[in-house]
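Written below as structure tokens is the structure these notes are about.
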Amino acid sequence: MSRTPKNAEIADRFEELATLYELDGAVVYRVVAYRTAAKAIRESGVSVAEMSRQGRAEELPGVGKTIAEKVSALLDTGSIPAADKLKLRIPVGLVEITRIPGLGPKRVRQLHSEIGIESLDDLRRAVEEGRLEDVPGFGAKAQENVLAALAEGADAAQRPRTLLSKALALGEEMVECLRAHPSAVRVELAGSARRRADSCKDLDIVAATEDADAFVSAFRELAAVDEVSAAGKAGAKATTHQGLPVDLRIVPAESFGNLLQHFTGSGRHNEALRTAAVKRGLHVSEYGIAEDGTVHTCAGEEAVYARLGMSWIPPELREDRGELEAARKGDLPALVRIDDLRGDLHSHTVASDGRNTVTEMARAAAERGLEYLAVTDHSATHGFGNHVPPDELRRQIERVAKVNESLGSLRVLAGTETNILPDGAVDYDDDLLAELDWVVASVHTSFRMSEPEMTKRIAAAMENPLVDVIAHPTGRLIGRRDPYAIDMDGVIEAAVRTHTLLEINANPNRRDLSDIYAREAARAGVKIVIDSDAHGAETLANVRYGIATARRAWLTADDVANTRSWEDLRALRGR
DNA sequence: GCCGTTTTCGGCCCGACTGTTTTCAGTCG
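For our numbering, count along the first sequence from 1 and bump the result up by 9.
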């Protein structure tokens, strides 16, 4: 690899290696070890390539001497010798076949050894020619399944995920309706929606009820529910009109806590939780905690964690990123809450591409209980919506001053979201920027620069003492656009040096910084700003998704700059 | 292959579902 590979690229290579080992029949624990390492590499907030060069790769959980050496080899030579060797024996086409649901490593191996399948094309021909029937264990159903998967295309296994905002809107509405049902005892949203992940594969609802049949009937009748594929006393499976699968589980009230804990996940969190429990002689499942043949059930989640010797863990932290150890030691952070926010420092008005006036936005912010709102319309070279040329920005400053005279306690800050040009300059003169209360800078053009160029570009903007915060620092759109090539370690370093703040943009499509990067930035001492980037009064409420990301990033109120009064916040800046 | 509130060696989460091997291995979440 000639340039520095990203964590995701390194992780992909180890995922592939894990599958190759799996196809080769290696012991499952070795395979699991590679998958665990791949996940740690993918989720590292700092560059694993850089860590490896510093000889620090083994600091990653699940990365030991062997895998650290393989990372190093990958960086030096562009490939992992063990993978090259395996590929001589195992066609890489088999790796693709394992992505077909129902076809795991054992059965794919069998296809290879029995009838010489080496690729998806081979598999298609074999089914068409009826040769699958020669393979023991492959009946009519298996052939049907393979044909269906092939018909859906290579990406069949990668179903589109639903953005958290959409999943939550549906899930919360359903839960609210179900709670209103007379037989409802407890109803909670579980799964990735409860953990506030970026996106959700499905919705999980856990309920305790006095009349399961009536409750399931009510579930079938929910406005959001389209098709119900299975229903019984234990729950139901359905799909919403948007095609989002919903899983309802009905459980006895006395073990509601066990089930809620189990179905909230994540899988990794539960796995780590159970591994640790086994060492204390406890066996955890969704039905209870078994100890010496006795199964203890828990009505609430707190009791589950308490029995395992730790404090209750907020769902946003349940990703096996150190939360279990912290909970055992009583070291969990006091996560930032939406009520901690005292201001919003990124919003738009009709001056650029917003839908409301300064006054309307200010009133809406005041109604949300905020003390200050920065109006930060797009700058002169924005390229879509209305431009705000320097003269117009000066008029906006006057407008803001007038609104402040007529308004109650909320303070409107005159600001801008100025463009970071390809050379790192911003597109207003310093004289004008100096007249503003608050300057947001961000990238909206020339996304396809090389990583060093993009990093240099953003660092250069941070060097300008009048730039207070970098908005949506990676430019990602969840599920639609990858982050632009950028070295976040370099950006964080520059932020520390220049006292520039970094934003968690709360737009549910962005949530940028991500939880991973926000955690890394805060660890490095960078203060984080959580902004709505509202383009209308109603989207000021989007800060909830920014708070969700911040909580997933382990941030406390102190880590978040806009939990402070405006006077305290302005003192944090690099000006 | 990794790791240490039983361990530097010997373990490594738990249960449901599926298809088809009539007793369970493989796969999945």
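For glycine and all other residues, C-beta sits at the position ideal for the given N, C-alpha and C.
C-alpha of E153 to C-alpha of E123: approximately 19 angstroms in a straight line. Counting C-beta atoms within 10 angstroms of its own C-beta, H250 has fewer than 16 neighbours from the protein chains shown and is therefore classed as exposed.
The DSSP-derived three-state label of K210 is coil. The beta-carbon distance between A47 and E24, rounded to whole angstroms, is 5 angstroms. This is short enough to meet the 8 angstroms contact definition. Between C209 and A232, the CB-CB gap reaches or exceeds 8 angstroms.
Assignment of G73 by DSSP, reduced to helix, strand and coil, places it in the coil class. Just so you know, the alpha carbons of T366 and V384 end up roughly 10 angstroms apart.
Pairing I479 with R170, the inter-Cα distance amounts to about 28 angstroms. Judged by beta-carbon spacing, S192 lies beyond the 8 angstroms limit of D496, meaning their Cβ atoms are not closer than that value. The C-alpha of L112 is placed about 7 angstroms away from the C-alpha of I106.
For L422, the three-state secondary structure derived from DSSP is strand. Judged by DSSP secondary structure, Y526 falls within the alpha helix (DSSP H) whose first and last residues are D524 to R532.
In the structure shown, the three-state DSSP call for P254 is strand. In this chain, the beta strand (DSSP E) harbouring S451 covers W447 to S451.
Within the DSSP secondary-structure output, H292 pairs in a beta bridge with A299. Between the stretch 237-249 and the stretch 189-207 there are fewer than three C-beta pairs closer than 8 angstroms, too few to call the two in contact.
Here T548 carries a helix assignment [DSSP, helix/strand/coil]. In this structure, the alpha-carbon of A151 lies about 16 angstroms from that of D131.
Within the stretch 65-142, complete alpha helix (DSSP H) segments of at least 4 residues are found at 74-86, 90-98, 102-106, 114-124 and 129-137, given in chain order. Less than 8 angstroms separates the beta-carbon of I259 from that of T218.
Per DSSP, reduced to three states, the secondary structure at R519 is coil, with no helix or strand assignment.
The C-alpha of S574 is placed about 21 angstroms away from the C-alpha of A443.
Judged by their CB atoms, V552 and G534 are not nearer to each other than the 8 angstroms cut-off.
For the 8 angstroms CB-CB criterion, I556 and V313 do not form a contact. Burial state of H278 is buried, judged by a 10 Å Cβ sphere holding 16 or more other Cβ atoms.
Going by DSSP, G499 is part of no beta strand (DSSP E) but of the alpha helix (DSSP H) stretching over M497 to T507. In the structure shown, E380 adopts coil according to DSSP, grouped into three states. Beta-bridge pairing by DSSP links V37 to no other residue.
Ranked by Cα distance from S61, the first of T13, H508 and L445 is T13. I429 has V435 as its beta-bridge partners, per DSSP. The DSSP-derived three-state label of V535 is coil.
Using a Cβ distance threshold of 8 angstroms, D498 and E59 count as a contacting pair. Across the set A515, R118, L475 and D21, the C-alpha of D21 shows the shortest separation from the C-alpha of V80. In the structure shown, I513 falls within a strand segment according to DSSP collapsed to helix, strand and coil.
Membership of A566 in any beta strand (DSSP E) is not indicated, and neither H nor E is assigned to it by DSSP. Three or more beta-carbon pairs separated by less than 8 angstroms are not found between the stretch 220-240 and the stretch 287-306, which leaves the two stretches without contact.
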